[in-house]
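Visitor: Here the sequence shown is numbered in the numbering used here, starting from 714 and rising by one per residue. Cβ coordinates follow ideal geometry from the N, Cα and C atoms, glycine included.
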Amino acid sequence: MLHKTRGIVLKTTGYKNSSIIAQVFTEKFGLQSYLVNGVRRPGSRIPFNVLQPLHLLDMVVYHKSTVSLQRVKDIRNEPVFLSIPLDIAKSTVSLFLCEVLYKVLRRQSGEDTALFQYLFNSLEWLDHHEGKIANFHLLFLMGLSRYLGFFPDTRNPQDAYFDLQNGHFLQNAPLHPWYIGPSLAGLWRQLSQGSYGQLTGLKISGEERKLLLRSLLEYYALHLEGFGQVRSYEILQELFA
714 MLHKTRGIVL KTTGYKNSSI IAQVFTEKFG LQSYLVNGVR RPGSRIPFNV
764 LQPLHLLDMV VYHKSTVSLQ RVKDIRNEPV FLSIPLDIAK STVSLFLCEV
814 LYKVLRRQSG EDTALFQYLF NSLEWLDHHE GKIANFHLLF LMGLSRYLGF
864 FPDTRNPQDA YFDLQNGHFL QNAPLHPWYI GPSLAGLWRQ LSQGSYGQLT
914 GLKISGEERK LLLRSLLEYY ALHLEGFGQV RSYEILQELF A
């Protein structure tokens, strides 16, 4: 049966001579694998550049719940990115986020409209934004944790430590090593209460940014089984040092 759905490209893998298998997080079906025939041939009806990492899609697909490899009838970019492919900072951030999202969403199946809308809106915002984006990935990861079920509990506004393992603030350091101390806990709280519209108002130094990103990835690893290492982490750290 044919369905219309929006999607976000996460990964592509070559298949035979001219086709690819695209891993796409869809609005209707969660993460799906699609066989796209002939996409690498000159003059293909569906150009390969449509399926670049994190590009936003409008799709017409065949969907069968009993098979693992789905097929497509039509794919187009909607909306078309205007700045992300041309801006080195934005394209580096998008590659980092793509790696994180593939780790996070690879076990995701079925419809999750709220999560999809968060991702779609965030990528649109990044593409349209004309100012500095050095802290975008921090806000993105913090916001994403809300949809994954481990958003920080900030109900104790005066507490000076954040427990990464248990997801809440404390007056004193916990007895395990996975926590953020007073020097960063205030910035962690700002991120948890912030929005993209407040991005330029976040005063975070290069060193603090490094430590916060390291803590966020540790936070994800503690709460998502098999999250592992993020290979593009070092590249992003160098970019926004």
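For Glu-812, collect the residues of the same chain with a Cβ closer than 6 Å to its Cβ; drop the 5 residues on either side in sequence, then sort them by chain order.
Guide: The answer, listed in chain order, is Val-943 and Ser-945.
Visitor: Helix or strand or just coil, what does DSSP make of Phe-738?
Guide: Here Phe-738 sits in strand by DSSP.
Visitor: With C-beta atoms as the reference, is Val-793 less than 7 Å away from Val-785?
Guide: Contact: no.
Visitor: Please go through the same chain and pick out, in chain order, the residues whose beta-carbon is closer than 7 Å to the beta-carbon of Leu-930, but skip the five residues on each side of it.
Guide: Excluding positions up to five away in sequence, the list reads Val-943 and Tyr-946.
Visitor: Flag this pair as touching only if the stretch 875-885 and the stretch 817-825 have three or more C-beta atom pairs under 8 Å; answer yes or no.
Guide: Not touching, per the Cβ criterion.
Visitor: In the DSSP assignment, find the beta strand (DSSP E) that holds Asn-790 and state where it starts and stops.
Guide: Asn-790 -> beta strand (DSSP E) spans 782-790.
Visitor: Do you know offhand how far Gly-862's Cα is from Trp-891's?
Guide: Gly-862 and Trp-891: Cα-Cα distance of roughly 19 Å.
Visitor: Do Lys-741 and Glu-824 have their beta-carbon atoms positioned less than 7 Å apart in this structure?
Guide: Cβ atoms of Glu-824 and Lys-741: closer than 7 Å.
Visitor: Looking at the secondary structure, which residues open and close the alpha helix (DSSP H) in which Met-855 lies?
Guide: 849-861 is the span of the alpha helix (DSSP H), which, as asked, contains Met-855.
Visitor: Rounded to the nearest angstrom, what separates Leu-744 and Gly-939 at their Cα positions?
Guide: Using only the alpha carbons, I get a separation of about 17 Å.
Visitor: By Cβ distance, which residues of its chain are closer than 6 Å to Ser-757, with the 5 residues on each side in sequence left out?
Guide: Excluding positions up to five away in sequence, the list reads Gly-751.
Visitor: Tell me whether Gly-720 is buried or exposed, calling it buried when 16 or more other Cβ atoms sit within 10 Å of its Cβ.
Guide: With 16 or more other Cβ atoms within 10 Å, it is buried.
Visitor: Got a sec? Which residues, its chain only, sit under 6 Å from Phe-853 by beta carbon, not counting five neighbours each side?
Guide: Excluding residues within five positions, the ones whose Cβ falls inside 6 Å are Ser-835.
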